[in-house]
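S.K.:
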Amino acid sequence: MLQINNLHANVGDKPILKGLTLSLNAGEIHAIMGPNGAGKSTLGYVLSGRPGYEVTEGSVTFNGQDLLALEPHERAAAGLFLGFQYPVEIPGVSNVQFLREALNAQRKYRGEAPLTGGEFLKVAREQAGALGMDMEMLKRPVNVGFSGGEKKRNEMVQMGIIDPALAILDETDSGLDIDALRTVGDGINRIMRKPDKAVLLITHYQRLLDYVKPDFVHVLDGGRITRTGGADLALELERDGYKELAA
Ligand SMILES: Nc1ncnc2c1ncn2[C@@H]1O[C@H](COP(=O)(O)OP(=O)(O)OP(=O)(O)O)[C@@H](O)[C@H]1O
Ligand SMILES: [Mg+2]
Numbered sequence: 001m002l003q004i005n006n007l008h009a010n011v012g013d014k015p016i017l018k019g020l021t022l023s024l025n026a027g028e029i030h031a032i033m034g035p036n037g038a039g040k041s042t043l044g045y046v047l048s049g050r051p052g053y054e055v056t057e058g059s060v061t062f063n064g065q066d067l068l069a070l071e072p073h074e075r076a077a078a079g080l081f082l083g084f085q086y087p088v089e090i091p092g093v094s095n096v097q098f099l100r101e102a103l104n105a106q107r108k109y110r111g112e113a114p115l116t117g118g119e120f121l122k123v124a125r126e127q128a129g130a131l132g133m134d135m136e137m138l139k140r141p142v143n144v145g146f147s148g149g150e151k152k153r154n155e156m157v158q159m160g161i162i163d164p165a166l167a168i169l170d171e172t173d174s175g176l177d178i179d180a181l182r183t184v185g186d187g188i189n190r191i192m193r194k195p196d197k198a199v200l201l202i203t204h205y206q207r208l209l210d211y212v213k214p215d216f217v218h219v220l221d222g223g224r225i226t227r228t229g230g231a232d233l234a235l236e237l238e239r240d241g242y243k244e245l246a247a
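Numbering follows the UniProt record's numbering, with no gaps: position 90 of the sequence shown is 90.
Have a look at this one:
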């Protein structure tokens, strides 16, 4: 589904990704761990096409398409979703408005009919309910005044509504309380654990992986993948840290 080959990318003049190679097949969940500043969020931004991130070498194909040739909105319409490490607040735009516009823009791009207000609200209600989010929060401006954990939960409600083919989730577990971690983990499984979907799960902690069982765990260090293993690699990292690994 996603093939990243020898990817190099700069932020400004600073090289951050330095020859990153990674492949995800449909039906797989991959976890990425790695020290602060390694380039994990940068990878998410480069894949989603955030301005300011310049690819200097390498290629990325997504379902056979040249991903890097697409505009950010085209990438989203093609089925790519990014859950932000730090979700942005959008004052003046209600969550429901925002999500309905986003979903219908993507549907239009794919040649599908837009959902009516009533149809959309039904989907939104289902997804918010499954993730334990109050409908009142969906009416509020996007993320404005949400607690850290509420923002993360909101990202998952967005993902449930958009229903992407590939989700890159950047530290979706950070800031969640113990019960919310389970709810979000269950949500990721319910929405994304499907034969035609894939997930790239960026996390610092093994605990999310107790709920969302990864098929592969990768270490991203210094802008490239330095190690790949199974779910047990996360336990090993938790025990020994990254320094031990490098030694
Ligand atoms: N706009 C920028 N200008 C300069 N340096 C930047 C910029 N954005 C990112 N960087 C640098 O790129 C490196 C990688 O950052 P990135 O956010 O990808 O790390 P990360 O692996 O996600 O870390 P964390 O685990 O702390 O979230 C860091 O050293 C960071 O300071
Ligand atoms: Mg990060």
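Using N, Cα and C, we set each Cβ at its ideal position, and we do this for glycine too.
All of these numbers come straight from a predicted model, not from anything done at the bench.
Starting from Gln206, trace the beta strand (DSSP E) both ways and give me its first and last residue.
M.R.: Premise fails: Gln206 is in no beta strand (DSSP E) and is neither H nor E.
S.K.: Which of helix, strand or coil does DSSP assign to Lys14?
M.R.: strand
S.K.: Going along the chain, which residues of its own chain have a beta-carbon closer than 6 Å to the beta-carbon of Gly27, five neighbours each way excluded?
M.R.: Pro195
S.K.: Can you check the segment 109-162 for any alpha helix (DSSP H) of at least 4 residues that lies completely inside it and give the ranges in chain order?
M.R.: 117-130, 135-139 and 148-162
S.K.: Helix, strand or coil for Leu176? Go by DSSP, reduced to three states.
M.R.: coil
S.K.: In the DSSP assignment, what residue or residues form a beta bridge with His73?
M.R.: Answer is none; His73 lacks a bridge partner.
S.K.: Would you say Arg207 and Lys18 are within 8 Å of each other, going by their C-beta atoms?
M.R.: no
S.K.: Hey, which residues come within less than 7 Å of ligand 2, measuring from Cβ to any heavy atom, in chain order?
M.R.: Every residue passing the under-7 Å Cβ criterion appears here: Lys40, Ser41, Gln85, Asp170, Glu171 and Ile202.
S.K.: I'd like the list of long-range same chain contacts for Met133, defined as Cβ closer than 6 Å, with 5 residues on each side in sequence excluded.
M.R.: Arg153 and Val157
S.K.: Return the chain-ordered list of same chain residues with a C-beta closer than 7 Å to the C-beta of Gly229, the five sequence neighbours on each side being excluded.
M.R.: Cβ neighbours of Gly229 beyond the five flanking positions: Val217.
S.K.: Can you check whether the CB of Glu74 is closer than 8 Å to the CB of His8?
M.R.: no
S.K.: Cβ atoms of Leu201 and Ile29: under 8 Å apart, would you say?
M.R.: A contact, by the Cβ cut-off of 8 Å.
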